[in-house]
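Below is one structure, written out as structure tokens; the observations come after it.
Protein chains in written order, with our numbering: chain W, 138 to 252; chain A, 806 to 918.
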């Protein structure tokens, strides 16, 4: 398997524009996670899905952020409208539950810069 | 609310030294604890996972221990090499947050030749 695939790797946009980040999880994994990483706040969980259903979105900063998982092989994180404080690296991760926990496999991330 | 703290924030050592990274967590009701490695500009790679019923896990030169009652874990790296230079993150899966990992801020490790 190619691992978790994220696109684009880098995104530069202007304030107010819509941004869509994409993620393809590892085949067979039933959990998908979206994280945001900044120097100030570290790694924060935004939302996670189980079997394509959102389970916990308490980390989504505000209504400008939305995430979808229309099928088991694809998820999107959308920011509309984007603001400079949204600049960060966004990671997607996937895993499967083994009973004693699960190991999350991370994508390479999308570095977002909002000017 | 679970909080994870890692000490030190940064560490610089000469090649060949044995070293210890520390992680502490506030809520001892955990399913497991994981140690990750992050290289600059890359995603996270899982190094070791310790179940709540286990005391330690080993992989090559890495050994991770868990003392759940005191809320502590250590990652021991033997005979460090320049290729070990990276950020090491500790994360816990809490009993009250099924599926949700809480991460520490990480320790930036530099191993110089």
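Every residue, glycine too, gets a C-beta built ideally from N, C-alpha and C.
About 5 Å separates the beta carbons of residue 862/A and residue 853/A, which is inside the 8 Å limit, making them a contact pair. Restricting attention to beta strand (DSSP E) runs no shorter than 3 residues, the segment 838-880 of chain A encloses them at 849-856, 861-864, 867-872, ordered along the chain. Nearest neighbour of residue 917/A by Cα position, chosen from 808/A, 806/A, 816/A, 811/A, turns out to be 816/A.
Closest option to residue 249/W, judged by alpha-carbon separation, among 214/W, 230/W, 234/W: 214/W.
Under the Cβ distance rule, residue 194/W does not count among the residues neighbouring chain A, no pair being separated by less than 8 Å. For the segment 163-184 of chain W, residues whose beta-carbon sits nearer than 7 Å to a beta-carbon of chain A comprise 168, 179, 180, 182.
Cβ atoms of residue 182/W and residue 170/W come within 8 Å of each other, at about 6 Å. In the DSSP annotation of this structure, the continuous segment of the beta strand (DSSP E) that includes residue 171/W starts and ends at 168-175.
The segment 872-887 of chain A makes contact with the segment 830-837 of chain A; the number of CB pairs closer than 8 Å reaches 3 or more. A straight line joining the alpha-carbon of residue 881/A with that of residue 824/A spans about 6 Å. Contact between residue 162/W and residue 141/W holds, with the beta-carbon distance rounding to 6 Å and staying under 8 Å. Only residues of its own chain outside the window of five on either side were considered, and among them 855, 871, 878, 897 have a CB closer than 6 Å to the CB of residue 838/A, listed in chain order. Pairing residue 841/A with residue 851/A gives a Cβ-Cβ distance under 8 Å.
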